[in-house]
Every structure is written in structure tokens, then in C-alpha cells.
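Residue numbers (this note's numbering), protein chains in the order written: chain S, 1 to 917; chain G, 1 to 291; chain V, 1 to 217.
Idealized CB from N, CA, C, for every residue including glycine.
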Amino acid sequence: MSTSATREIREVPSYCYNCVAGPDLMTVRVENGVATRIEPCHAAAAIHPGLGRVCVKAFGLVQKTYNPHRVLTPMKRTNPRKGRDEDPGFVAISWDEALDTIAARLRDIRARGLMDEAGLPRVAATFGHGGTPQSYMGTFPAFLSAWGAIDYSFGSGQGVKCVHSEHLYGEFWHRGFTVAADTVHTRYIISCGTNVEVTGGVCAVRRHADARIRGAKRVQVEPHLSPTGACSAEWVPIKPKTDPAFLLALVHTLLFEHERRALDLPFLRERTASPYLIGPDGYYLRDPTSFKPLLWDEATGAPVPFDTPGARPALEGRFTIAEAVTRGPDDEARPQHNVAARTAFTAMADAVQGYTPDWAGGICDIPAETIRRIAAEFLENACIGETIEIDGETLPFRPVAVTLGKTVNNGWGAYECCWARTMLATLVGALEVPGGTLGTTVRLNRPHENRLKSVQPGEDGFMVAHFNATGRKDWLAVPNGRNAHRTLVPIVGNSPWAQALGPTHLAWMFSSQAPKEWPAPPLPEIWFAFRTNPAISFWDTAEIGRAMARMPFIVAFAYTFDETNHMADILLPDATDLESTQLIRVGGTKFVEQHWAHHGVALRAPAVAPQGEARDFTWISTELARRAGLLERYNAALNRGAAGAALKGEGYDFSLAPAQAHDVDTIWNAVCQAATAELSHGAEVHDLDWFKRNGHYVVPFKREDWYLYPTMVRLGLRFELPYQERLLRVGVELGRRLHEQGIHWWDHQLDEYVAIPQWHDVPERWVQSIRDMGADPADYPLWGITTKVMPYTTGNNAGIPLMHEVSANLRNHGAVVINATTAASLGIATGDWVEVRSPIGATRGRAAVVQGCRPDTVVIPGQFEHWKTPFAKDLTFPSLNTVVPLSLALTDATGSGADVVRVALRKIAAPAEAGVA
Amino acid sequence: MSQSMASRRQRYWDLRAAGNFIGGGTGAGLIITAALAAAMGAPFRLALAIGLGFVAAGLSLVWLEIGKPWRALNVFFHPRTSWMTREGIVAGGLVPLGLFAVATGSTAAAIVVALLAAGFLFCQARILRAARGIPAWRQAEIVPLILATGLAEGSGVYLIAGAHTLRWLALALLAGLLREAAWLAYRAGLAGTEAAARSLAVFDAAPARLARGAQLAGLGLIALALATGALGVTPWGVAVLAWVGGALAALAGWGVKALLIVRAAFTRAAAIPMVPTRGGGGSRARQASRP
Amino acid sequence: MTRYVMVADLRRCVGCQTCTAACKEGNATPPGVQWRRVLDLETGTYPDVNRVFVPVGCQHCANPPCMEVCPSTATGQRADGIVTIDYDLCIGCSYCIMACPYDARSLVDRTEYAFGEAATAAEAARADRRTIGVATKCTFCAGRIDAGTARGLVPGQDPEATPLCVNSCISGALSFGDIEDPTGPIASLLAENQWFRMHESEGTEPGFYYIWDKGKL
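In C-alpha cells:
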């Protein structure tokens, strides 16, 4: 509305990658040097699947920039005592003092060795949500690389706040670190708790909206009616944590209530291990000489190795095999003579025979007929036999998908869900083909840019899997990281991301009470924290806070004071989203539903000068490297590609001189040029100035590369389904190793290593946990779960007033969502104060009484209950994290838990601190 | 949260705005009563002056409420359709002519002033009637309610001023009965309007019940005073009954009006007649069920 | 003739509030004032429940009740259907707020800021004192439309001439344009789908259409 005639207006290209559903491109409008608003990047409408738009969170970045509560100078702690109730006594210091203090410690550590007496890295680092901080930390990865061993064990919520089991099993089975529907082609989606309309980001929201208009049907299976449920054709209010029964019943229905020829039999025969023969000991029967798994060749009526040309594999059946061998745990070769065998497919059918819709209906509180109908609709829409042309290639067209959301695909029951989901896709040939269920990206395998390239032939006709060793000789008996991911979780592997996907809560738990079988893990001597607030975002936040307070030296990159940096020793104010420079990769296929027909790079150019003394993260990284004596290693890491692109490649060399501290623009100028040279194969080179004007550079990405299927066909590989021989073996081996060490506290987790997942009473584990805490389950009659709202999801932005204001238009913002009948029985009306209590504590908030929630469930959205973060601390919002216990018993074999807890609910008087919200 | 919960209590007109309807109603009612007195040859100048005072006080309060008080004259710009402009114009005639009538004691002037006062009150009623965002106001029966309420309050105040002869008691009783009838009609009309559920809840809550009870008590006292007066016993008793009854008639009316303007005024909730079809094969009802 | 209208496809809207935030930031509305917002409505009884997200704001009615009641003539109507408020005429009586069946208008009496007493640099840069003490509401970003059409751009199609909420809408629920253009996208959107307007019985002839299903076959 301002009509000043002398306004100087600039539009600065940038991106938002505050959640894993990004990155999305945007424009920052700058008036007379002040960032005033965010706008979409309309210039990217043709290349970005979300038409160059950004979600609501991005619009908070202006307030984020000018938040008066920002930490704007480096600070040091003056109170050596740490704890929630201790005033840190932060005082401003110079950048020199801050960096020299840190560098002195770093140099001291290097002099003594990177590892401590327990063999653990002396330096640890934690970054927040899903790797997104990397898109804001400039060249810090180069510093970390230059340093060497770093412990990423301490989680900020991984395992319980992510779709953890899906990450691990999805990547194992089909290179799907996250798994999505091929929404642009699909006709039918069974969505078990996937809150894609809230967390799927701009691209997913657009794709699903288009799909709805096209007439695709989505069935939302979840205990409360989320926006995704709201925008689905059907809502199936399932009892919490019973999704495995529902999904197993769908598998049962396809196998036992429909004709076999209704399934995609060629896909099952040729692209899966369904025909592989299983011996009586549960392992594949193998050819005695080649050791290859056998299948029954209907052409010759004899068992042959799986890759025998011309064989006609029997998909199902029971056979007697005269001579074979199985590979048991620890490479035991077990000769088998005249043994009864069944195919893996038959073994699966046997295993799920009892999981009828009627059986599941009682467990899930869903009518059996609904389950039958959904299975039938899924099958009807699978279009088995049809094909579609993508990029000139003819591919199978199977427009049905099953997606899983948080709390379904992490914690106990998640293995069963992930398997059943993947099997549903497999049975109709809808795995990794157009219209079907797709992986989006890889993180445990490399390269991240194109997951297809991570597919290499491995054992037994499957793609290679990089498990942590469980053999006698090579199992890591004493953990080399504080969450013991290599020791306890074979499937997570040991790639750079693996540690952060280990059982990260164990690092916190073991820091106060280590297992007696292992040396007590010393705390890291330096802990770096950036864009992370585990003191709010983890389970049992009070306990996490206490563990954090024991950390001897914390360096926190600080935006405002918060609950985690309250424990810090040094605060470093980094230039935030609109103030700093970074080039990142965009496009291809990324987390959630970022499926582009292009890929390339985008620049986050500084729209405005940093506030106060905040400094560009790249400058901070370079200075830390220089002062710690790591400059040459740091520059070498940059030259290798630690900033996102190798600076030297075929036909180009933009390498940085190794002995010199380069300024921010010099570094990113080199990265810009190298990245464009790489993408264009040397045809085009664009420098930093070009990117400041144009924002992004992309080249075409084949849409065919959204799908793994063509790669599997090209390499002659099979999906490692349905039978989990590898997991079975690895589980036995892991059990042996642990037992050899006298460790029995992981035995429940070992139970999960079965070849075909079986139902067990999953919800009962949470009921039992109440008993384990010495309480009576009858006192905690309701399920407490959580959900997200888009303005906050993973935005680390609870201190931004704009987000609070716009979220207040949603009925559940800052509330405890309660079914109307339940609320009436407790005398609770909308707006009343209620307390949600578990044996470990209580959280309070205002009630939102709704019809769209199961009567046995209450929902607490978001992650609040801040006590330090300015603005957020005055909201007096509840948080489920306060009442969810940290528990080994509630940790599954992948090291994940779930955001669910049995709770009591009652009406209370308004607390004294209430008022602002 | 049902659809009806999406309505919000209006937060722009507070007690100052209510004061305009209170002052305007009571003042107009009192002016009309005073004009009746004038027509009957009774003293009326004090009552007329007090009535004008009520009107002026109400207008002053609303002047304090508006966002740009120094632009208040812009209120006169839209006589073609705005009842607020018309209210202003009528007030522009009412106040000086009223002062003239008070100053001169002219009966004819008093009668003209009473007609203007009636017009002023009608404008106020139509202001509410035209507020289409507030279901509790836009109800057709709001017009007789505001008119009858003004008369009941004014005639009640007239009793306080000491005029408790039978004819004024009878007038107050009649006005009170009219108000009761208008109230019942208004409530009945509101009950037939789904959008007004939250307003009805306010009228059913304790403060409104108290005000309504006081209103009925006042009416009873006036009736008793009339009966007692007609029997010619205890003149001082009649005076006390009339005084208390008149006060209750006015005060309780103010209370109800304050609740009507400030507490019971909810915006009209958004309503969707049809639920969107989200994707194919939807099994959900498409007709939006009523809240 | 031109009449600009907004179309909200309720099948698409996910209630994300991106339009709300984009409008607030783009129009520099003070805390608590939302010219565009998305309601979160529920109908039915468990388990047969519908939850619907409904973008609302000024409906730019053909017969605007706000204009009828406005005593100062501050509320006006342009030839292209956009209902306007002249901040220099408005006396801030709030009567129009009471008259709007769509709860679309706001008024703030004093300057408020997101973080409390002091304006951030961005707020200071955008502050417009004329909007204090007067009624405000969605303008359909008339300034953008006028600047855009002056350059030959088409509102609803060229982002520079299109309301910010429409530009920002991530699900594609919001569309904008001239309903009188028989070959334009708005005309075909409304011809091909079933829609309603809110509180149609009021006779306000809103310029805001809600699509709820595809056209009858």
C-alpha cells in the first residue's frame, strides 16, 4: 500500500528447503534494502512440478530475518552449571574470541587423537530435520570432511519423528528411502496415515490435487481426520497401530479371495523371488555347486538355478528336492537331501492364510467388508497387462499405490506394514512402474542424485545391499558411535547417512546409563548443533534436556535462544535463509514427491545483508578450518565436491588453491561454474553473478528415471520379495553375536527378523509399557498420537508469529483434538483446558472437540511446549513429546519408535501462565 | 468444531456502540412520552431535555467509537441507502429542534420533535436490520423490538421523573407489554434461523435471564402500581412501585440491548451447501449436513 | 464489460494457509487481519465426517451490502466489479463489517506489530498509516491488476497482474479472471464444473465461486 515514489525494488532468487519435501524455488522481494515479501519463482513454473511455488512456511522467512529475538553476536556461556533452570549467563563476544575458543579445543583434540578411549569420536554433530540443514550450512560439510571422524549419533528426532522403518526397508527393497505413489499416473491410493497434503510439500499437494480432479481415488486409513483424510474420497478410522493387521488382511484377500490370474503373475515370476524354493530350515534351497537359489522349472520338471535361461519358474507349489544346500547363519552350508520345498510365494500364502478380513476387522475396528472392498478396488484399478509409454519406452502401467505415514512406518509393526505394503504393490506388479508405488531417493546408498545408479547386481539375483556385518569376524562388537548403529542395526549399513538413521535415542539414553557389556561411552568433547532442537523435538524431552546438560562443550549455531542452545557454551549467529549464499542440487527425484523432468542447481543468493554480526556459514566454516589448522584439507574437500559439485571434472577445473582461505563468493563462484559445467558436460559455464540474476540452471531429467523397473530389467535383477531370507539369516547372526557378548536386552528386537512378517499384538506393546512403568493401563484408557500442520511441519519456526496467526485458522492448532462423544462424556467443550497425562508426565492445552477423530484417540499436533524460544514459549501449547517415554522396549529392530502413547485425559482449570494463545 | 462454530462474535462494536442504541432508544422513547405529555398539556420540557440528553450521549459515545472521529461529518454522505446516514440526518434535525422546544415550551415543536425521535429510533432499528453479517440483528423482528424497547425505556424513565399518574403508568405498562410481545416475536423468529444458534445461547445464559427477569419484574411493579393507584390507596406506595418499576423497565432494557449488541452479535458462519468431491469413487455424502 | 471473480476449487484446497500468509505479507496487513483466509469446516457425525477447507475473503459482490450501509460512501464498486474502500473517506464506523455476510472486513484502531511494540524493518518499510482506524478488506490486489493491465497483461494468467493469493496457491485451488470473457479460463472452469456461491439467498451476487464437482454428464 505504500506509495513512496523512490522505492528501489529488487527481486532476488532463492529457494526454500526448510523441509524434506523441498527444495522449492522462490523470489525475495527487497524494497530499499529490506526484504519485504516472498513470492513464488514464476520463472520456474515450467520446470518445477509445483509451478515454482513455495509453501506457507517460506512466507515466514521475512519475519525470521527481522525477528528482534535473534542472537546477533557470538556469545559465550558464563555460568558453568547447565540445566533448564540455570541461567546460562550468555555474554556477547567477538567472532575472533568465539572461533579461537572453538579452534583451540579442536586443535587440542587433534593433538590427542580424533577418537577417545572408548573408540568413539571426540567430536559430535547433530543437524535437524531430514538433512535439510545441509542446504543452509554453506561449506560446513567440507569442514566436517576435513576434520575426519564425527559422531552423528545424537538424534534430534530421527527414528520417532521420521518414517524410519520405511527408510531402511524401502531402500533395501526398491531404493526407496521415502516411498510415494506415482501420483501423476495413479488411479487408486491406499494411504495408511500418510499426511501428504500437509507434509508432502508443494509438489505433492499439486500432484494429488490434479489426481483428484482426474478422478483418482485415495482411501485414507488413519485414526483422526487429517487434511489428507479430509481431501480423500474415503476415510477409514483405524485403531492406532493396527495397520499391520489391515495391510496383511489386504494381502490375504488378494491371495485367497481373488483368482490367482488376477495378479501380475509374470512380474511375480520374473521380477521377484516368488519362485525361489525354501527348504525346511527356512533358507533358500541352493544349487550345490553354484550356490545359487533354486526354482522349480515347469519346463523340465526339475529344480534349476534361478537364472537358468529358458526356465519356466513355478510361482507356487510344494516340491521334493533331491539335492540342494542351504546357506544358514554364519555361512553354514547345510546339505539337503530329498527335502520338502515350497516356493517363496507359497510360503507367503501359507503365512498370511489366517489373516482374513474378518480377523483383521476385529483388531482394526474396521468392517471386514470395507477391507474386502478396498482390496477389490485396488485389484480392479491395477490395470494388469496394460502398458504406458514414458520417454518413448513402453512400461507396465499399474496405477495403484499404497503409502504409509509416520507412526505406521516406524516403531513396532512398521516392518510388517512396510512389507505388506510392498507386497501389495508386488502382487499386482505395481512396484516401481508408472502409476505404482515408487521410491523417490536414496540416502543409505549413493549417489543421492539419481537412485538408479545405486542399483548394482548383488547376491542371489537381487540388487546389492550394504548391510553392517554380522559375521563372527567382522561384526563390530564394541560400537564406534554412541547409538551403536553398526552393532545393532545391520540393515542401516554404514554410509555417511547411516549413523543418523541408527537408533539415535540410544545415544541419549546410553549417555546416562550405558549397557554394562560395553564401555561407558564418554560424552563428546565438542558437540556441534545446527537447526536442531532435540530438547523439544525428541521423545521424553525432559530426559533429553538433562542428558544434553551433561555435554561438556556445545557449539550451537544460534538463530534465537532456544531450549537446546540453552545448554550451549558458544553461540554462533549464522546468516539465515535470506542472508547467505549457497548453491544446491534441485530436481530429479527427491524426498516425498519431488519428481521433476529436470535436474540442476539453484542458488540461494543473499537478499539482504546479515542482521547484526551474523555471518555467512561458509565464512564461519572457512575460518574454523583455518584456525583449526585444517585449511588444506578443507579446500581439498571443497575441490572434491563437498559443496555440492566437484570443482574439477572432465574438461573443466575450477579448483581452489589449497593453502588459501577463500572468501564466500570465490568459493561459490567456483561451485556455480563447476556445477554448470558438469550438468552441461562442459557446454555451458555460469558463474555466481549469472546465478544471482537467473537463480537456477537445469537440464532435462528422463521421466523414465522415476522408475526402478527398467533398471531392474536391464540388469536382470529381482526385487528381494516376498521372502526375507537375508533378514532371517542376519537376525540369527546378530542374535548369536549379541548373546556371545552376554547381551540379551536386544532380544525382543531380534524377534523382528522373520522371513515373512507375522502379526503380533502391536498395540499391546504400548499397553504393556504402561505396566512396565509401574502404572495401571486402566488409568490410561486413550491413545495419544500426534500430527502435523503445514505452517509448522519441520519448519523449526515456532518463534515466527506469522505461522501462529495463519495456523490459528486450523481447528487443531495448539490444541488437544478430542472426539465429540469422548469429550461429552468427560464434560469437555471446545476451548476448555485439558490435561493429557502418561506415567512420565503431563501436558496441557485447550480442547478442540471434533467429529473427525476416533473416540479412543486424542491428537496433539505439532511440537510445542517451548520454555525458552522467544514467542513460542508464550503460546502455552501442549506437546505429545512431553508424555512419550524413551524406551528400549518400544524400540523396534531398526531402532525406531513411534509417536504414540497411552494417556489419560481430564478437564482442568486454566493454568496461570495461559493467556497469550 | 461444527460449521456454526466458524461464526465469530463481532469485536468492533463494543459498549460505546451499545450506548448509542441505549441512549437513542431511551431518549427517543422519553421524547415521545414528553410530547404526549405536551399534547395533554402536562409539563414536558424537563423530560424532553433529558430525552435529548440521552440521544446526544448515545451519539457522543458512538463518536468515541469510530476509527476516524474527526471525519465524522462524512457520515452524512450516503442518504440514498445508508440508515446510518439517515440516522445522522434525523439527529441533525432532532437535536436543535428539540432544544428549541425545550427553550420555548412549544407544544407543536415538541410534537414535531417526537416525530423526529420516532424516525431516529426507526433508523436505529433499520441500522441493525441492515447488518446482514449479524444474524441476530438482521432478523426482521428486530425493528419492532427496537421500537418497543425504546418506548418502554422512555416511558419507564418518565415514571422515574415523578410522573406516576395512572395514564403514564398505563403508557408504561402498554409499552412494556409491547416490548414483551416484540421480544417473544423476535425470539421466535431467531429460533427459526439456524445461523443464530449462538445468539440464542447468549439469550439463554444467566446475564440475559437476569435482565429479562428484571424487565418482567419492572412490568409487574408497574402493573401493581397501576392497580394500586386505580384503587386509590397508598399514594406513596404507588410512587415507590412506579419509580422502581420504571427504573427496572429502563435498566433491564439497557442490559438486554447491551447483550444484543456486544455479546449476542455473532457473524454469519460460512456455510457450504455441497461437500466437494475429492477424487473418484467417493462414498461420502455430498450434501453438506446441517450443523 | 469486465467482471473480475475468484474461483476456489474446494476439491483441491488442502487448508495449508499459503494464500493467507502470502496475502498477509503481500498486503502488509497487521497481526490478526486476514483479507484472505481458509476456513476449516466439519460436517457430519463420526465416523461419517467431512472436513472441508474453504477459502474466504471479500466476495466482491455485485450487490454489496457493505456498500449499501456505508454512511460515508467510502465503500465503492469499480466498473470491473471490484469493491473498494476509500481510506480517505472512511470514518471507521465498522458498520460495513456488520453488514458483510462473509465476515470479510477488518478494522484496527492502532498499529500493531508481529513481535509486539516495535516494527521490524520489513513492517516499517510497508507500514501504511492510512489503514489505521478504517475498514480494510481484500482488494483482489487491484493495484497489481491495474499495473498489469496497463502493461497489457491478463489478470489471472500473468502473475504480475494476478492477486497474490492466486499466485501462491500450491494446490491450484484458486483461480482468478474476467468472468465476462467467454473464451477465458474462468468461463470454461465454471461451465465445466458444478459450483455454488456462498449465502446465495442474500442476493448479493458474490464474485466468488466455489467448485465442488465436475459438471454433470
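**OP:** Assign Met1 of chain V to one of two classes, buried (16 or more other C-beta atoms within 10 Å of its C-beta) or exposed (fewer than that).
**Re:** exposed
Original post:
Counting only runs that start and end within the region 27-100 of chain V, where is the alpha helix (DSSP H) found for 4 or more residues in a row?
Top reply: 65-69 and 95-99
Subject >> Residue closest to Ile211 of chain V, alpha-carbon to alpha-carbon, out of V:Gly15, V:Asp48, V:Asn50 and V:Val54 >> reply: V:Val54
Original post:
So what's His744 of chain S in DSSP terms, helix, strand or just coil?
Top reply: coil
Subject >> Extent of the continuous beta strand (DSSP E) to which Ile388 of chain S belongs >> reply: Thr387 to Ile390
Original post:
In whole angstroms, what is the alpha-carbon distance linking Ile620 of chain S and Ser106 of chain V?
Top reply: 46 Å
Original post:
Would His686 of chain S be called buried (16 or more neighbouring beta carbons within 10 Å of its own) or exposed?
Top reply: buried
Subject >> Interfacial residues, the region 185-198 of chain G to chain V, with Cβ spacing under 7 Å >> reply: none
Original post:
Who are the neighbours of His78 of chain G on chain V, taking C-beta pairs under 7 Å?
Top reply: Cys70, Pro71, Ser72 and Thr73
**OP:** Please classify Trp83 of chain G: is it buried, with 16 or more other beta-carbons within 10 angstroms of its beta-carbon, or exposed?
**Re:** buried
Original post:
For Ala74 of chain V versus Ile85 of chain V, is the C-beta distance shorter than 7 Å?
Top reply: yes
Original post:
Who pairs with Met137 of chain S in a beta bridge, going by DSSP?
Top reply: Paired residue(s): none; Met137 of chain S is not in a bridge.
Subject >> Gly229 of chain G at chain S interface by Cβ criterion, 7 Å >> reply: no
Original post:
Between the C-alpha atoms of Leu151 of chain G and Met67 of chain V, what's the straight-line distance to the nearest angstrom?
Top reply: 31 Å
**OP:** Tell me whether Trp13 of chain G is buried or exposed, calling it buried when 16 or more other Cβ atoms sit within 10 Å of its Cβ.
**Re:** buried
**OP:** Quick one: using the 10 Å Cβ neighbour count with 16 as the cut-off for buried, is Glu332 of chain S buried or exposed?
**Re:** exposed
Subject >> Terminal residues of the alpha helix (DSSP H) in which Lys907 of chain S lies >> reply: Looking at the DSSP string, Lys907 of chain S is not in any alpha helix (DSSP H); the run it does join, the beta strand (DSSP E), is Val900 to Lys907.
Subject >> Residue interval of the beta strand (DSSP E) (run including Arg10 of chain S) >> reply: Ile9 to Cys16
Original post:
Looking at the C-beta of Met1 of chain S, does it have a partner C-beta in chain G at a distance below 7 Å?
Top reply: Because the pLDDT of Met1 of chain S is 43, which lies under 50, any placement of that residue in the model is unreliable, and the question is left without a value.
Original post:
Of the residues that make up the region 49-82 of chain G, which ones have a beta carbon closer than 7 Å to any beta carbon in chain V?
Top reply: Ile66, Gly67, Lys68, Arg71, Ala72, Asn74, Val75, Phe77, His78, Thr81 and Ser82
Original post:
Mind pulling the chain G residues with CB within less than 8 Å of Lys217 of chain S?
Top reply: Gly279, Gly280, Gly281 and Gly282
Subject >> Rounded straight-line distance, which links the Cα of Ile238 of chain S to that of Ser191 of chain S >> reply: 12 Å
Subject >> Three-state class that DSSP yields for Asn694 of chain S in the structure shown >> reply: helix
Original post:
If you draw a straight line from the alpha carbon of His813 of chain S to that of Leu880 of chain S, how long is it in whole angstroms?
Top reply: 13 Å
**OP:** Buried or exposed for Val916 of chain S, please, with buried defined as at least 16 other CB atoms from any protein chain shown within 10 angstroms of its CB.
**Re:** With a pLDDT of 44 at Val916 of chain S, under the threshold of 50, the modelled position of this residue cannot be trusted; read the value that follows with caution. By the 10 Å Cβ count, Val916 of chain S comes out exposed.
**OP:** Determine the burial state of Asn20 of chain G: buried for a count of at least 16 other Cβ atoms within 10 Å of its Cβ, exposed for fewer.
**Re:** buried
**OP:** Pull up the distance between the alpha-carbon of Met1 of chain S and that of Tyr17 of chain S, whole angstroms please.
**Re:** The pLDDT assigned to Met1 of chain S is 43, lower than 50, so where the model puts this residue is not dependable, and the model offers no usable value.
Original post:
Do Pro700 of chain S and His598 of chain S have their CB atoms nearer than 7 Å?
Top reply: yes
**OP:** Taking only beta-carbon positions, decide if Leu810 of chain S is within less than 7 Å of chain V.
**Re:** yes
Subject >> Leu656 of chain S versus Ala683 of chain S: straight-line alpha-carbon distance, rounded >> reply: 21 Å
**OP:** Give the interface partners of Glu25 of chain V over in chain S, defined as CB-CB distance under 8 Å, in chain order.
**Re:** Thr36, Arg37, Ile38, Phe59, Val62 and Leu802
Subject >> Of the listed residues S:Ala637, S:Gly641, S:Glu593 and S:Thr576, nearest to Pro610 of chain S (C-alpha basis) >> reply: S:Thr576
**OP:** Compute the beta-carbon to beta-carbon distance between Leu717 of chain S and Met463 of chain S, rounded to the nearest angstrom, for a pair I have assumed lies under 8 Å.
**Re:** 5 Å
**OP:** Could you check how far apart the C-beta atoms of Val20 of chain S and His129 of chain S are, in whole angstroms? I think they sit under 8 Å.
**Re:** 7 Å
**OP:** Could you have a look at Thr882 of chain S and say whether DSSP puts it in helix, strand or coil?
**Re:** helix
Original post:
Can you name the residues of chain V whose CB is closer than 8 Å to the CB of Ala270 of chain G?
Top reply: Leu39, Leu41, Val54, Val56, Tyr102, Asp103 and Met198
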